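Written below as structure tokens is the structure these notes are about.
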Amino acid sequence: MPRHLDILNPHLHSRALEKPRSDTHCAPIDKLPVEILGKIFVQCVINDFLYSSYEYPIPAEYDAPMTLSWVSRHWRMVALSIPLLWSSLVIPSQFKCNVAPAMSIVELWIERSASGPLFFHLQRSHRNLLCQCDRAAHTLNFLIRHVQRWKFITLEMEEPTAQHFINLYKTSVPTLESLEIHAQSNYCTQSTTEGIIATISSSSFPNLRRFSWLYRGISPALDTIPWSQLSHIRLNNIMSIQECLRYLGQCSHAVSIELENIAPSAEDLLVSSSPTILPNLQYLKLKARSNPMHLLKQLLTPKLNTLFLNGGWGERNCLDALPEFLSLCSVNTLTVVQQYIPDEDIIDILKSAALEWISCLKIFSQSVAQGEHRLKQSDTLDDAISSRLVFGVAPLGLYVGWNNF
């Protein structure tokens with residue numbers, strides 16, 4: 001089935017709707033059971049946004065699902081009978097600068113989604129010398145009327161939009177399971193950002209399970225976020241190790257955690273405390289400005305299955321604590337990304353007994369390309385390790401490792 005069902009002349013499809021049709025001339029696809037045709041429609045919409053840079057469809061007159069309702073009366077009936085086709089949408093930055101047209105199509109989408117759960121991503125309004133509209137704020141104000149249907153939402157905050165969100169303070173939204181917030185000081189004041197955090201912390205979202213906080217710079221503290229109820233966490237803002245540990249100490253139900261922009265302070269490197277236990281964690285991604293091991297060695301993760309480490313320029317022995325950490329958990333997939341890792345450190349990792357049970361290992365570094373021959377010919381690696389070594393290329397660059405899946 002073609003990915004797009006665009007009809008270039010809107011008059012053609014309007015006349016097609018008016019033209020009487022007899023059963024004897026019914027198109028073969030119209031003879032399909034409604035359930036099957038509905039599944040085809042859903043897949044058509046999915047295919048549309050799978051090839052875009054967005055996670056949901058953009059409400060548009062000349063894309064599915066809108067075009068699906070133009071083909072025939074039968075198709076229109078089926079398209080309008082499936083709220084799922086209309087319940088997911090992304091409003092991009094440059095979406096219809098004029099507020100009225102933007103709101104009309106969003107309102108149509110929400111109306112056709114009936115009473116089903118809503119999934120949406122609202123980007124900041126695009127502003128330039130020709131356009132200074134508050135389209136995003138108007139859109140969020142409208143969507144708040146349907147707040148009891150929110151399920152998975154992403155909000156890119158700016159001052160007017162944030163104020164509408166802050167008005168939800170202590171408003172119960174029991175359906176919301178996933179919340180992703182993008183913010184930065186260029187668009188929101190310090191007090192507004194604190195208001196956003198207070199709203200998230202106010203018991204407004206009792207069933208929130210997935211939380212992402214992407215803040216460009218150093219954000220206000222997140223201690224009051226309901227960490228204990230979250231299963232999936234992503235933080236991308238400048239954080240010290242002690243700050244990370246304060247949050248992680250409350251994440252008893254987390255199964256997936258991604259921490260980016262970890263910036264160890266001088267105090268972090270001097271302070272040592274008892275390990276922070278994450279009893280249910282299965283996936284961990286740490287991205288630090290220096291060595292992620294400074295944080296990792298202070299964690300205890302007995303159920304960890306997948307570990308992703310991304311650091312800066314590595315120093316000699318910077319990964320010495322990794323084997324000990326791995327010996328205390330059940331990691332099956334390990335990825336290490338570092339700008340430079342000395343050959344000796346790579347060899348030490350490959351030789352470690354703690355890696356014996358790791359099925360998939362990838363070490364990305366500039367030194368892999370420079371030292372590929374030396375690693376292959378190293379007399380310190382036994383035949384069992386050398387025989388399964390793989391040098392490959394992935395989006396992150398050249399890696400050495402193995403894959404036993």
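Its first residue numbered 1, the sequence shown is counted upward by one per residue in UniProt numbering.
No residue lacks a Cβ here, since even glycine has one placed at the ideal position from N, Cα and C.
Treat the numbers as computed from the prediction; the structure is a model and nothing was measured.
What are the boundary residues of the alpha helix (DSSP H) that includes residue i?
i, result
"Ala136", "135 to 143"
"Ile349", "343 to 351"
"Ala79", "73 to 80"
"Tyr283", "No alpha helix (DSSP H) holds Tyr283; the beta strand (DSSP E) holding it covers 283 to 288."
"Glu324", "322 to 326"
"Gln242", "241 to 248"
"Leu296", "293 to 296"
What's the gap between the Cα of residue i and the Cα of residue j?
i, j, result
"Leu248", "Glu260", "14 Å"
"Ser273", "Ile358", "28 Å"
"Asp23", "Pro33", "With a pLDDT of only 47 at Asp23, under the threshold of 50, the placement of this residue in the model should not be trusted; the figure read from the coordinates follows. Their Cα atoms are separated by approximately 15 Å."
"Ser125", "Phe211", "23 Å"
"Met103", "Ser219", "32 Å"
"Ser185", "Ala288", "22 Å"
"His232", "Leu281", "9 Å"
"Ile58", "Leu80", "17 Å"
"Phe391", "Ser365", "12 Å"
"Leu319", "His294", "10 Å"
"His74", "Arg112", "16 Å"
"Ala354", "Leu168", "49 Å"
"Trp70", "Ser87", "19 Å"
"Arg216", "Cys188", "11 Å"
"Pro83", "Ala114", "6 Å"
"Leu129", "Pro160", "Model confidence at Leu129 stands at a pLDDT of 46, short of 50, so the residue's coordinates are unreliable; what they give is reported in the following sentence. If you take the alpha carbons of Leu129 and Pro160, they lie about 19 Å apart."
"His11", "Leu108", "Legend: pLDDT at His11 = 38, less than 50; position of this residue unreliable, value from coordinates given subsequently. Taking the straight line joining both Cα atoms gives about 20 Å."
"Glu243", "Ser265", "10 Å"
"Ile166", "Trp213", "16 Å"
"Arg209", "Lys285", "18 Å"
"Leu361", "Trp402", "5 Å"
"Thr333", "Asn141", "44 Å"
"Val90", "Gln190", "27 Å"
"Ile197", "Ser203", "11 Å"
By DSSP's criteria, residue i is part of a beta bridge. Which residues make up the other side?
i, result
"Cys360", "Thr333, Asn403"
"Trp150", "Leu118"
"His307", "It should be noted that the sequence gives Leu, not His, for residue 307. Per DSSP, Leu284, Leu334."
"Ile233", "Phe211, Ile257"
"Ile277", "Leu300"
"Glu156", "His182"
"Leu398", "Val393"
Let me know the secondary structure DSSP gives residue i once reduced to three states.
i, result
"Phe120", "strand"
"Val90", "strand"
"His182", "strand"
"Gly195", "helix"
"Glu58", "Note that residue 58 is Ile in the sequence shown, not Glu. It is coil, neither helix nor strand."
"Phe41", "helix"
"Leu355", "helix"
"Asn207", "coil"
"Leu375", "helix"
"Asn317", "coil"
Quick one: give me the first and last residue of the beta strand (DSSP E) that residue i is part of.
i, result
"Gly392", "390 to 394"
"Ser228", "Per DSSP, Ser228 belongs to no beta strand (DSSP E) and is neither H nor E."
"Leu168", "It is not in any beta strand (DSSP E) - Leu168 carries neither H nor E in the DSSP assignment."
"Trp213", "210 to 216"
"Ser256", "256 to 262"
Practice item. Would you be able to state if there are at least three C-beta pairs under 8 Å between the stretch 276 to 285 and the stretch 298 to 312? Key: The stretch 298 to 312, when compared against the stretch 276 to 285, does touch it at the 8 Å Cβ threshold.
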